[in-house]
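Protein chains in written order, with our numbering: chain A, 2 to 468; chain B, 2 to 468.
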């Protein structure tokens, strides 16, 4: 019999049974107790260590459950063969493993991609997270529907109907881990042999995705109402990618007539579709919300894509695709077997978040918050004099400044940098083709900045830019 | 001034400020208080309702934050224009919205895809979840690295090195929401113009994926050591998809010599690669774990894919790809901009789960649990007589029964069904080509069944099958 002398420390946070378990495990791993050796009985060890018997029993139970020891009836506990057991040593980290981004940090950053994360409803999310992990335990961890859980799709369908005028059944919805993923999926559903047209400037991530997934892509000019449909027709494309509620980055809202024109273009050929990306349509500060194009579609031509990344947080990887009936069958055949990319726990949290009214409240709060930042930025900019015109007001989370004084984008960005303010040029949103060189356009995003910071930053821009 | 008569219910669970907030919100929505109307001062309303002033202030604060009212200094609170506000009504669900699956439920189901979900470490997961949602709040909700957070990739790299003999830096790892997604991504990285060879029978989900994503696919015969390399050579494929540690569904372990042959095949041409799917390699019950093929690869020919779905739970959508250096650049160019599909909160939970030693303990527990179920099933089956041979023992979570008595798969499945036991035929794992019709093979998965259930179920199978 092996005698174990364990130096127990009752004053530490680690429970006694854990200390005993840990000690014996280590001895077994190091080979100091060989496999086949018999451990002391629980009674003997408890007397030897001067602890309760149940403490020893608990330790032995752990060792048994993990396979370090085995129990032979009437004989006792014996050390197992441990070669099959896992042993993963923890490497200690020296501080936070921050990746060197190489990017300078600015005191004031007018990024157009910002989301105010301080407003994220942590307490609610945590509460719902806890509830979800308690409910229906085993079921939630089983593989769910590839399209996402029906309960969540119900909640999304309901929300889309009321808030966006999107008409669909839960069955048409596919929940996925982000827009990029859903667009990859869409490419797989649509197949090859298509040509995708995007506006210019546009959401370049989408352009890159279609281009890199070997789809033919092109850009089609816009006017102040959005994509020019005659040009679209001329381009020979069969898929149009648009953001009619709030074009990114220009902020253009596609009026009704243009939407109808676009729908008519799509109806001309069976293989034509419109991809409507409703990114950031949630934030309008004046007037009624603009309904989605999809709601006007009577012929199954519009593929609608939306996300919770902008309205909740980017790291919530939850977006959704609404497929028209005509494409649903193709999805089932080509991709219906691809498992869902969103954990069912996260789906349940989001479903509750929506159904219990938190999403509505959160949206309204964010809208009010962004609106007052928008108002502040606008009024501060107006004080700056006539060097530029402003566009993109009253919706989204950034404004555009159109300079007509001949100064280049690089120059304006550099001048701002010298004051520790980061601004963005419109040129990076263009795909390849030559821009209108008469004007220089600068983007100022305000989602991430408090009203105080906005005032200070605009003050610095005035110093930088005004002559 | 508008007088508000609210019927407050102090005895209910809803706080008084919430009741006041809810009432006023509803009145505003229904238009009973028009926009522009002035609300009572907080002092007046608190006196009128006989509640504390701070209760009314809290209610007004909520309404203000969501944009229902606005505050005009020295004048008071006024109802806003509400047309931009969200209003999402909750549809009540009548009971649980269970989808009609149309599938019969069996009392005993020997599914080979089972995972014992009762062992899922809920308490730990919930604890880590709570901790993750408290730590570094804003940062965690910002968009992270497309490959997944470095901390998690560190932990995975460490685990892979120690447990699987996989050699890689964290930079080679891409974390994704499930194997299906990562294989889609891989297809995008590899591009078109490839031919993928799989064994037969095989993991058909992979076959379907490659086939549907317009990749040329074919199958290559296996012998008792795995894929036959001369046949692979003859097939003209340039990508081989194998599961050398534990082939699914046959359980074949590819011995060293065959692995070397496979690696030599890949080295003959720059464009050739091996995809190693290490699914369910965690569970071996006899002997040392078999190291991954990737560990022997000196020429960057092996693409390694692994998952946490089998060892933790299917709904944990977290898998990882290890790209050889030669493909990493291509990934950056073609797909480097595609955002991560795993929420950073989930990544953090998993990282802690691994780093704090819980994963190791969980794996050992699952192994011990599955092993005893394996042992029980094996011993019960051996009592059943000589009608079949058994293969696939000592690893994975299912056994294969090879019947030589001429009875068909359908017949055996039907007989079992009559006893309310579900068993699985090997034929569904074959791709298209004619099988060896001499023998009928039935799969029995045991992950999901307690030892009691296993004994009962085998008893029923004996009644069903033994003549």
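From the three backbone atoms N, C-alpha and C, an ideal C-beta is built for every residue, glycine too.
Residues of the region 177-190 of chain A with a Cβ closer than 7 angstroms to any Cβ of chain B, in chain order: 178, 179, 181, 182, 185, 189. Residue pairing by DSSP places residue 73 of chain B opposite B/77 in a beta bridge. Restricting attention to B/440, B/413, B/121, B/446, the CA atom closest to the CA of residue 468 of chain B is found in B/413. In terms of beta-carbon proximity, residue 127 of chain B lines the interface with chain A, with at least one pair separated by less than 8 angstroms. By the Cβ rule, the region 13-32 of chain B counts as touching the region 43-60 of chain B, because three or more pairs are nearer than 8 angstroms.
Here residue 221 of chain B is buried. Its C-beta has 16 or more other C-beta atoms within 10 Å. Across the region 101-125 of chain B, CB contacts with chain A closer than 7 angstroms involve 118, 119, 121, 123, in sequence order along the chain. Any Cβ of chain B closer than 8 angstroms to the Cβ of residue 366 of chain A would place that residue at the interface, and such an atom is present. Under a criterion of Cβ atoms nearer than 8 angstroms, the residues of chain B adjacent to residue 361 of chain A are, in order, 87, 88, 89.
Neighbours of residue 67 of chain A across chain B, judged by C-beta separation under 7 angstroms: 362, 365, 366, 369.
Around the beta carbon of residue 76 of chain B, fewer than 16 other beta carbons lie within 10 angstroms, which makes this residue exposed. Contact of residue 344 of chain A with chain B by beta-carbon distance below 7 angstroms involves 316, 317, 318, 347. In the displayed model, residue 222 of chain B falls within coil according to three-state DSSP, outside both helix and strand.
As computed with DSSP, residue 278 of chain B is found in a beta bridge with B/306.
Annotation: the region 403-429 of chain A contains the following complete segments of the alpha helix (DSSP H) (minimum length 4 residues), in chain order: 410-419. When CB distances to chain B are screened at a threshold of 8 angstroms, the residues of the region 150-166 of chain A falling below it are 151, 152, 155, 159, 160, 163, 164, in chain order. Distance from the CA of residue 247 of chain A to the CA of residue 399 of chain A, rounded to the nearest whole angstrom, comes to 11 angstroms.
Residue-level contact by beta carbon holds for residue 144 of chain B and chain A, with a gap shorter than 8 angstroms.
By the neighbour-count definition (other C-beta atoms within 10 Å, threshold 16), residue 29 of chain A is a buried residue.
Closest in alpha carbon position to residue 355 of chain B, among B/375, B/163, B/202, B/32, is B/163. When only Cα atoms are considered, residue 150 of chain A and residue 348 of chain A end up about 7 angstroms apart. Below the 8 angstroms Cβ cutoff, chain B contributes 127, 130, 131 as neighbours of residue 131 of chain A, in chain order. At a C-beta separation below 7 angstroms, residue 206 of chain B has these neighbours in chain A: 338. Residue environment analysis places residue 135 of chain A among the exposed positions, since fewer than 16 neighbouring C-beta atoms fall within 10 angstroms of its C-beta.
Using beta-carbon distances, residue 353 of chain B does not count as an interface residue toward chain A, since no partner is under 8 angstroms. Within its own chain, no residue has a Cβ closer than 6 angstroms to the Cβ of residue 384 of chain B once the five positions on either side in sequence are excluded.
Annotation for residue 130 of chain B: 350 place their beta carbon closer than 6 angstroms to its own, counting only its chain and skipping 5 residues before and after. Here DSSP, grouped into helix, strand and coil, assigns residue 109 of chain A to strand. For residue 376 of chain A, the uninterrupted alpha helix (DSSP H) run begins and ends at 359-383, by DSSP. For residue 194 of chain B, there are no C-beta contacts with chain A under 9 angstroms, since the nearest C-beta of that chain is about 10 angstroms from it. Nearest to residue 57 of chain B by alpha-carbon distance, out of B/65, B/43, B/64, is B/43. The Cβ neighbour count for residue 261 of chain B, taken over all protein chains shown within 10 Å, is under 16; the residue is labelled exposed.
Remark: C-beta atoms of residue 259 of chain B and residue 288 of chain B do not approach each other more closely than 8 angstroms. Sixteen is the threshold: since fewer than 16 other Cβ atoms of the shown chains lie within 10 Å of the Cβ of residue 380 of chain A, the residue is exposed. Non-local C-beta neighbours of residue 393 of chain A in its own chain, meaning closer than 6 angstroms and more than five positions away in sequence, comprise 252, 400, 401, ordered along the chain. A/68 is the residue among A/38, A/8, A/68 whose C-alpha sits nearest the C-alpha of residue 367 of chain B.
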